[in-house]
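Listed in order, the protein sequences are those of chains A and B. Under our numbering, the first sequence has 131 at position 20, and the numbering climbs by one with no breaks. Under our numbering, the second sequence has 1574 at position 82, and the numbering climbs by one with no breaks.
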Amino acid sequence: MILTEEQIQSLAEQTLARIDAPDDAALLLEGSIAEGFGNSRSDIDFLLIADQEADMPTMPTIFFIDGRRVEIRTRSVGQITKHLIEVAGHRGRVTRMDEHLLNRCQRFLRGHPVRRPDLITKVRENLSYDMFATVMTKWWAEYARQSVRHAVMLESLGQHDQAAVWARAGLQQAAKSWAARHGETYLEPKWLSLQLDRLAENPLVARYWQTEGTADIIRLVAALGVTGCADTPDRLVVERPREVTTWQIGDRVHLVRDRRDVFVLGDTAARTWRRVVWGRPLAGLGPEGDLIATFVRYGLIRVSWRGAAITPRLPLAAPAGSVTPAPAMTLPLLSIAGAKPAHPRSIDLLPLPAHRFAAAAMALVWGNVMVENAVEDLRGALDREQWRVAALATARAVNGGLRALLCAFGVSPLPSDPELIGGLDMLPAPQPRIAELARQLSRPGSRGEELPEFIAAVRAASGGDAFPSSFDSADGWQRTLDIGYDWLRLGAYLDQQLPLDEAQDLLSSGGAQPHTSSAKEAG
Amino acid sequence: MKILVTGAAGLVGAEVCARLIKNNHQVYGLVHHVRTLTANSGRPVTGVDLIPGDVTQPRLGLDDATWRKLADEVDLIVHSAAITDFGRPRELYQAVNTTGTAHVLELAGFKNARLIHVSTAYVCGEQDGRILETSLDAGQRFGNHYEESKFQAELLVRKAATEATVIRPSVVVGAARTGVVREFKNIYVVLKLLSEGRVTSIPGHFDACVDLVPVDHVAALIADVVEKPAPGQTLHAVGSTVSMRHLSDVLAEYPSFRVPRYVAPATFSAASLGDLERAYWERMLSLYESYFRRRQHFDDTLAAGFRSHKRLSNGPDQLRKIVDYAVRAGYLGSPLPGVAEALAGVGVR
């Protein structure tokens, strides 16, 4: 220990003089210094143990004595006993045991008694150190197993750098397990090197420091006594995560995660995704390892070790789990055919939540249906010189176009019809010409002369796809309607508030009136 | 008891035999072609005296001695022999399902043996709404020859054997806990065609629904009624409701699956489909067409008084379970590559 008994006693007396401690309380020096680690900068950690059942406040009190930072915590015999019994009596998966609980037990069992050693010895009888060391051996081994399995998975997907990181993490955890088996149970990894120094006569310690390369590391993990994680990628199986669904809109594949996040896949990513079959070997997913690894990272697929979940995690660190990438900022956000991936290997997160994505897309489809029907009505009205009917039809076509344009940029919910022109200021770029044309066409006497220019301008501003070529042919229009049915499925899944069957009928009625000559004029 | 089970080799029949043997009954199994019984789990069912026969024939195609022996000895008949897959000629359904029932009634009537007749919940035809167990002839229209033949068989049963118990299963699927099923028929064929994208649009409503009942629950109810007679009663052996929306949502959970478009039935036209898709539609999926727009909910108040198991309540969970098993078994989940994928595979886009 870096402190002498006299130094410890002196620090203890100075500390106790500053607090209101019961006379019969025990005092323990715990933590890194008590375990024989530490250095001149290490804190002095005391634990005051009140000989009572009732809980004591656990927040530490901090002093600076002789230039050192001294922390003193207080706990009752009842509190500590409860912790020890919880570990001694634990059943089930060992990693379910909380790391802070284990850390408290470890510090208590391996602390250095300063006052009332009799009381400390008595409390320690609730959990033998051998039993605790066995628990820690298994606990670290399970973490090591999970880390190495994750490394095997990443390696099998060709993600060598990431695999190496997790293999190294697994090796450190395996070393902690091995050290615990040999009586070194200090929990935090920061003193692992000193723990291994105390076991240096074992050749595995030298091997620990010398081994590099994922394959060799995995072999050393086994040599350190961690079983069930050999380099056998044939054990890796693709599993279904919770709440990930696939929605093809036209030719484009979208994924919805947790009913909240929408990802759009490029063609190559989509082909890889379509090969995923739950319960089948990971190896059967084809050569696109980086894409599959990304699916795993985003929580879009899970990989198990023959049915057992792989849960890599570093104890005493931030919890692991699926991650969320920065959203893709491609504009416009969506079209009739869904979002647009940046490139064929894209797994792009959209910058709006799933329910608004679906709502905006369906409003976009309705906008198209509105324009289509209004143009049809306008043609009939002009044929019969029904000027007021023509003016109203023109206004409807304008509103449909403005709705489609706003939706293409993710505006949802939409403003009401009278505010649609004003709503153009919500777009990222100003659209003065479209606003001007919309105002002209919305005048009571309008006969729709500027409508072709308006539609062309909306199409250009919305990237073409949002306002598709459906006005050019009956086939194109039918395709728009077919895609409308695709959106309905997603809307139903996300509980969008719309009457689904009526929506089906609306789409069908739109399909029953394929546009002909006036559409070509309008387009 | 001495019990004759017709259709003993069938999905339901074999499960019923296994339960009756377990309950220490002496079981005769009328079989058409097979000579061994296999439970839904794939394990053999032993202890059943198998009798080759044919329900379409007078006296079940049995020789006089066998017919007489059964007529004299049998205390109870479970009549589960039926053609249940779709798309067969009307005459075949009539011969097996209706005439076959008449032949079984003759045997049961000889010495007043009890009869449990296995019908179908879909004798209700295309009626929508809540379907009661007490309802039979409501002037309904039928979706296919199968339903019609089972309806006519029930009429025969009710006329000739007023004390008979009628059990009406809905769509029989894999086991409640595991989803395991011995054979992939009916709804499984629909799932296969839709999930592989062979048919991409169907004329249906999101709120249309079918009822799925696990095969073990059907067999369990029949075994329960063997022990606790329900003379003159009709019991729905039903499970959980799966709407077309549930179907869409659950299929979307499988990355390799396609999800069909639901098109308003009034405007659906098979003629607008491509040649191959139209062929799949006309030859196979159109047989199930009316199920995509029915909104039927089966009341099972009477059955609840007899069954020893709990009715399943979560339709999507049950659907997921049977799909998962079909994927595990390799029946679903391995579509042929599409044209785009095939071209990509050889470096052509």
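Beta carbons: idealized from backbone N, C-alpha and C, even for Gly. Keep in mind it's a predicted model, so treat the numbers as computed, not measured.
- prompt: Residues of chain B with CB under 7 Å from Y240 of chain A, in chain order?
  reply: Ordered by position in chain B, no residue passes the 7 Å Cβ test against Y240 of chain A, which lies about 45 Å from the chain.
- prompt: Going by alpha carbons, who is nearest to A1563 of chain B out of B:R1527, B:Y1520 and B:A1587?
  reply: Here the closest residue by C-alpha is B:Y1520.
message: So the candidates are B:A1758, B:L1713 and B:V1596; which of them puts its Cα closest to the Cα of G1797 of chain B?
response: Of the candidates B:A1758, B:L1713 and B:V1596, the one whose C-alpha sits nearest the C-alpha of G1797 of chain B is B:L1713.
field: Against chain A: residues of the region 1719-1751 of chain B by CB proximity under 8 Å
entry: Flagged, chain order: R1737, S1740, D1741, A1744, E1745, Y1746, P1747, S1748, F1749, R1750 and V1751.
message: Counting C-beta neighbours from all protein chains within 10 Å, is the total for M242 of chain A 16 or more, i.e. buried, or is it exposed?
response: Result: exposed.
message: To be precise: take each residue of the region 1627-1661 of chain B, compare its Cβ to all Cβ atoms of chain A, and keep it if any distance is under 9 Å. Which residues remain?
response: Under the 9 Å Cβ criterion, the region 1627-1661 of chain B contributes no residue.
- request: Between the Cα of D184 of chain A and those of A:V480, A:G559, A:K249 and A:T172, spot the shortest distance and give me the residue it belongs to.
  value: Looking at the sequence provided, one finds Arg at residue 184 of chain A rather than Asp. Selection A:V480, A:G559, A:K249 and A:T172 evaluated against R184 of chain A yields A:T172 as nearest (Cα-Cα).
field: Residue range of the beta strand (DSSP E) that includes F174 of chain A
entry: Segment T172 to I176, the beta strand (DSSP E) holding F174 of chain A.
- request: Would you mind giving the Cβ-Cβ distance between D349 of chain A and W358 of chain A, rounded to the nearest angstrom? I have them listed as a contact below 8 Å.
  value: Here the sequence assigns Val to residue 349 of chain A, which means Asp is not the residue at that position. The distance from the Cβ of V349 of chain A to that of W358 of chain A is about 20 Å, inconsistent with a contact at the 8 Å cut-off.
- prompt: Does at least one heavy atom of the ligand GTP sit under 7 Å from the Cβ of W389 of chain A?
  reply: You won't find the ligand GTP in this model; it holds no ligand whatsoever.
message: I'd like to know whether the C-beta atoms of I1490 of chain B and F1790 of chain B end up nearer to each other than 8 Å.
response: Because chain B is modelled from 1493 through 1841, residue 1490 of chain B falls outside the range shown and cannot be assessed.
query: By Cβ distance, which residues of its chain are closer than 6 Å to T1657 of chain B, with the 5 residues on each side in sequence left out?
result: I1608, V1717, A1722 and Q1725.
field: Secondary structure of A1834 of chain B, DSSP reduced to three states
entry: With a pLDDT of only 49 at A1834 of chain B, under 50, the local geometry of the prediction cannot be trusted, and the value read off the model is given with reservation. Secondary structure of A1834 of chain B (DSSP, three-state): helix.
message: Determine, for A603 of chain A, whether the minimum Cβ-Cβ distance to residues of chain B falls below 8 Å.
response: At least one CB of chain B lies nearer than 8 Å to the CB of A603 of chain A.
query: Can you tell me whether DSSP reads T1692 of chain B as helix, strand or coil?
result: For T1692 of chain B, the secondary structure class from DSSP, reduced to helix, strand or coil, is coil.
message: I need the boundaries of the alpha helix (DSSP H) containing Q273 of chain A, first residue and last residue.
response: Unbroken alpha helix (DSSP H) run through Q273 of chain A: H271 to R292.
As assigned by DSSP and simplified to three states, the class of W543 of chain A: It is Pro, not Trp, that sits at residue 543 of chain A in the sequence shown. Helix at P543 of chain A.
task: Between the Cα of M440 of chain A and those of A:A453, A:G432 and A:E116, spot the shortest distance and give me the residue it belongs to.
output: Nearest option by C-alpha distance: A:A453.
message: Please confirm whether V1691 of chain B has its beta-carbon closer than 8 Å to some beta-carbon of chain A.
response: Taking a beta-carbon distance threshold of 8 Å, V1691 of chain B does not count as an interface residue toward chain A.
- request: Answer with buried or exposed for A317 of chain A, where buried requires no fewer than 16 other C-beta atoms within 10 angstroms of its C-beta.
  value: A317 of chain A counts as exposed, since fewer than 16 other beta carbons sit within 10 angstroms of its beta carbon.
task: Compare the C-alpha of P555 of chain A against each of A:W598, A:L503, A:G595 and A:I545 and name the closest.
output: When each option's Cα is compared against that of P555 of chain A, the closest is A:L503.
query: Can you find a C-beta in chain A that's less than 8 Å from the C-beta of R1753 of chain B?
result: With its beta carbon less than 8 Å from one in chain A, R1753 of chain B belongs to the interface.
field: Cβ-based burial, V1523 of chain B [other Cβ within 10 Å; buried from 16]
entry: It is buried - the Cβ of V1523 of chain B has at least 16 other Cβ atoms within 10 Å.
- prompt: Counting Cβ pairs closer than 8 Å, one from the region 1724-1744 of chain B and one from the region 1697-1713 of chain B, do we hit at least three?
  reply: By the Cβ rule, the region 1724-1744 of chain B counts as touching the region 1697-1713 of chain B, because three or more pairs are nearer than 8 Å.
task: Establish whether the CB of K1551 of chain B and some CB of chain A are separated by less than 8 Å.
output: For the sequence presented, residue 1551 of chain B should be read as Arg rather than Lys. With 8 Å as the cut-off, R1551 of chain B does not count as an interface residue toward chain A.
query: In the DSSP assignment, what residue or residues form a beta bridge with R179 of chain A?
result: Beta-bridge partners assigned by DSSP to R179 of chain A: A:I176.
- prompt: Under 7 Å Cβ-Cβ, which residues of chain B neighbour D597 of chain A?
  reply: One finds R1753 in chain B with Cβ atoms closer than 7 Å to the Cβ of D597 of chain A, taken in chain order.
Other residues of its chain near P526 of chain A: CB distance less than 6 Å, five sequence neighbours each side excluded: Here P526 of chain A has G534 as same chain residues with Cβ atoms under 6 Å from its own Cβ, once five neighbours each way along the sequence are excluded.
Nearest neighbour of L460 of chain A, chosen from A:E323, A:H223, A:P436 and A:N479 [CA to CA]: Closest by alpha carbon: A:P436.
- request: For V1819 of chain B, decide whether its Cβ has a neighbour in chain C, counting only Cβ atoms nearer than 8 Å.
  value: This model lacks chain C altogether, as its protein chains are A and B.
task: Starting from the beta carbon of G1534 of chain B, find every residue of chain A whose beta carbon is closer than 7 Å, and list them in chain order.
output: Going along chain A, no residue has its Cβ under 7 Å from G1534 of chain B, so there is no contact; the nearest lies around 18 Å.
message: I'd like to check one pair, A471 of chain A with L445 of chain A: are the Cβ atoms closer than 8 Å?
response: In terms of Cβ geometry, L445 of chain A and A471 of chain A form a close pair [threshold 8 Å].
task: May I ask you to list, following chain order, the residues of the region 382-403 of chain A that have a beta carbon less than 8 Å from some beta carbon of chain B?
output: Cβ contacts with chain B: R382, W384, R385, R386, V387, V388, W389, G390 and R391.
query: Within the 8 Å Cβ cut-off, does S1778 of chain B reach chain A?
result: No - not a single Cβ of chain A is within 8 Å of the one on S1778 of chain B.
field: Short CB-CB distance (under 8 Å) between D369 of chain A and chain B
entry: Using a Cβ-Cβ cut-off of 8 Å, D369 of chain A does not count as an interface residue toward chain B, since no Cβ of chain B sits closer than that to its own.
query: Skipping 5 residues on each side, what residues in its chain have a beta carbon closer than 6 Å to that of D597 of chain A?
result: Correct list, in chain order: I360.
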